[in-house]
Ligand SMILES: Cc1cc2nc3c(=O)[nH]c(=O)nc-3n(C[C@H](O)[C@H](O)[C@H](O)COP(=O)(O)OP(=O)(O)OC[C@H]3O[C@@H](n4cnc5c(N)ncnc54)[C@H](O)[C@@H]3O)c2cc1C
C-alpha cells in the first residue's frame with residue numbers, strides 16, 4: 013500500500029491508497045480501535061462540501077480500487093469498484109453502446125464513490141433521475157472495519173434494508189463504499205440542446221408551463237441568469253441581463269428531430285424573441301458547462317435550494333432583486349436552484365442567507381443548504397444545513413449503528429449537533 017500526502021482541504025496527517033477491499037477493512041478496524049478520524053477521498057473535487065473538519069486524521073484515497081468486476085452487458089448491469097472515474101466507466105460502457113446517465117464535473121477525475129457519496133446530479137436528472145435510481149447493489153466497510161452489502165447484481169432485488177439508498181448522499185459518514193452494481197441504459201443515438209432567451213420572468217414561467225403540457229419530453233430544463241454565464245461559450249446570452257432557457261432532448265434520430273421541430277414551433281408561436289439549436293457536439297459541451305456551475309473554488313458562496321418547481325421562477329426573480337450580482341442555474345424541471353455569489357460578506361450570512369433566502373426557500377416548499385463557501389466565510393452548522401426539519405435524531409441513531417466511534421468524516425455532516 014502506497015502512502016502519500018496530497019494537498020487538500022482536509023486536515024490529513026497522512027493518506028493511504030488501498031488497492032483491495034481487505035486493506036480498507038484493516039485501515040478502518042485500526043482507526044476504530046485508535047479512535048482516529050478517517051476521511052474517504054475519491055478524486056478530491058468536492059471535499060469542501062459540508063463543514064470544514066478540524067480533527068487531524070487519515071485520508072483513505074479510493075482511486076486504487078478501480079476495477080471492473082463484472083459486466084454482463086446483455087443484462088444492462090455492471091459491477092465496479094468505487095474508485096473508478098466516471099470517464100473510465102463511461103468509456104467501458106460506450107464500447108457496448110450503453111451508458112450510466114449520471115453526470116459530474118471533471119468526470120476524468122470524479123470517482124463513482126465520490127459522486128454517490130455526494131449524490132451529485134447534473135442537468136439531465138430531469139430526464140434520468142439521480143444516483144439512487146441506478147445503484148442496485150452496494151458493498152461498503154463500516155466505521156468498525158466490517159464489510160456489509162445491500163441489494164444485489166440483478167435489477168429485481170428487494171430483500172433486506174435498502175443500503176443502496178442510504179449510502180447514496182451520506183457523504184462518506186456511514187461507510188466507505190468499495191463496490192457498486194449499477195443499472196445501465198442504452199446510449200441515446202442523438203442529442204440536441206435548444207436555447208432561447210425569454211423576454212422576462214413572466215415569459216420564462218409561461219414557457220416552463222408550456223413544457224409541462226406539451227408532448228415534448230426533455231431530458232434537461234435549465235433556466236440561467238447572471239454574469240457567470242456571459243463568457244460561457246455555447247451558453248453565453250446576448251447580454252448580461254438576459255435570461256437563458258435551455259431544453260435538452262435525447263433519443264433516436266427520428267425522435268430528436270421531431271422534438272426539435274415541435275419545440276421550435278411552440279417557441280415561435282409564443283413569440284420568443286431569440287432561440288437557437290446546438291448540434292450534438294456543442295450540446296455535450298454545453299451540458300458540461302451546466303454540470304460544472306457552482307463547482308470550483310473561486311466563488312465566495314454557492315447555495316443549493318430545492319423548491320417546488322412551480323415556485324422556482326418567482327424565487328429566482330426575488331433573489332435577483334435581493335442580490336443583483338448573483339448568478340443562477342436552475343434545474344427548472346426538478347426545482348433545484350444553484351445560486352453563486354462572487355462576493356458575500358460574513359455579515360450577509362445572517363442578513364441574507366438566514367434572514368431572507370432560506371425562509372424564502374422554506375416558504376416555497378423546500379430547503380436551502382450551503383454547497384460551497386470560500387475561505388473567508390466561517391459558516392456555522394446552522395448556517396450550512398439550516399434548522400433541524402425533525403429527522404436529525406433518527407439520522408444520529410443510524411450513524412451510531414454504522415460508525416459507533418464517529419470516526420468517518422467527523423464534523424463534516426449533520427451529526428453531533430443537537
Ligand atoms: C459542493 C460541491 C463542490 C464541488 N466542487 C467541484 C470542483 O471544484 N470541481 C469539480 O470538478 N467538481 C466539483 N463538484 C462536483 C464533483 O465532480 C462531484 O460532486 C463528484 O462527486 C466528486 O467526486 P470525487 O471522487 O472527487 O469525490 P471527493 O471530493 O473525493 O469526495 C466527496 C465526498 O465523498 C466521500 N467519498 C469519496 N469516495 C467515497 C467512497 N468510496 N466511500 C464513501 N465516501 C466517499 C468523501 O469523504 C467526501 O465526503 C462539486 C460538488 C459539490 C457538491
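Residue numbers (this note's numbering): 13 to 430. Quick reminder that beta carbons are idealized off the backbone N, C-alpha and C, glycines included. The model shown is predicted, which means the values in this text are computed figures rather than measured ones.
Looking from the CA of residue 270, the closest CA among 116, 385, 203, 394 belongs to 203.
Set against 6 angstroms, the gap from the CB of residue 188 to the closest heavy atom of ligand 1 is smaller. Excluding five sequence positions before and after residue 247, the CB atoms of its chain that fall closer than 8 angstroms to its own CB belong to 207, 236, 241, 256, 258, 298, 301, 302, given in chain order. Assignment of residue 250 by DSSP, reduced to helix, strand and coil, places it in the coil class. Residue range 159-163 is occupied by the beta strand (DSSP E) that includes residue 163. Between residue 142 and the set 328, 285, 346, the nearest pair of CA atoms involves 346. For residue 310, the CB stays at least 6 angstroms from every heavy atom of ligand 1.
Excluding its 5 nearest sequence neighbours in each direction, residue 73 has C-beta neighbours in its own chain below 6 angstroms: 27, 29, 53, listed in chain order. Per the coordinates, the alpha-carbon of residue 78 lies some 14 angstroms from the alpha-carbon of residue 151. In the DSSP secondary-structure assignment, residue 193 is bridged to 91, 149.
For residue 199, the CB contacts under 7 angstroms within the same chain, skipping 5 residues up- and downstream, are 106, 109, 110, 111 in chain order. Near ligand 1, meaning a Cβ closer than 5 angstroms to any of its heavy atoms, lie the following residues in chain order: 52, 53, 54, 55, 56, 57, 58, 59, 61, 74, 94, 116, 117, 118, 122, 123, 125, 126, 127, 129, 130, 132, 183, 184, 188, 189, 307, 308, 383, 384.
DSSP, read as helix, strand or coil, puts residue 180 in coil. Scanning 91, 326, 426, 375 for the CA closest to the CA of residue 215 turns up 326. Membership of residue 370 in the alpha helix (DSSP H) is indicated by the continuous run 370-375.
The beta strand (DSSP E) runs of length 3 or more contained entirely in the segment 192-269 are, from start to end of the chain, 202-208, 232-237, 256-263.
Look at the beta carbons and you see the segment 261-277 not touching the segment 356-370: under three pairs across the two are nearer than 8 angstroms. In the structure shown, residue 101 falls within a helical segment according to DSSP collapsed to helix, strand and coil. The Cβ atoms of residue 187 and residue 231 lie no closer than 7 angstroms to each other.
The beta-bridge partner set that DSSP reports for residue 342 consists of 235, 349. Annotated as proximal: residue 48 and residue 69, with beta-carbon spacing under 7 angstroms. Checking the DSSP bridge columns, you'll see residue 287 partnered with 208. For residue 324, the three-state secondary structure derived from DSSP is helix. Taken in chain order, the unbroken stretches of beta strand (DSSP E) that lie wholly in the segment 49-77 and span 3 residues or more are 50-53, 69-73. Per DSSP, residue 316 is one residue of the beta strand (DSSP E) stretching across 313-318. Around the beta-carbon of residue 251, fewer than 16 other beta-carbon atoms lie within 10 Å, marking it exposed. Cβ-Cβ distances below 8 angstroms link residue 389 to 312, 313, 356, 358, 361 in the same chain, with the five nearest sequence neighbours on each side left out; the list follows chain order. For residue 28, the three-state secondary structure derived from DSSP is strand.
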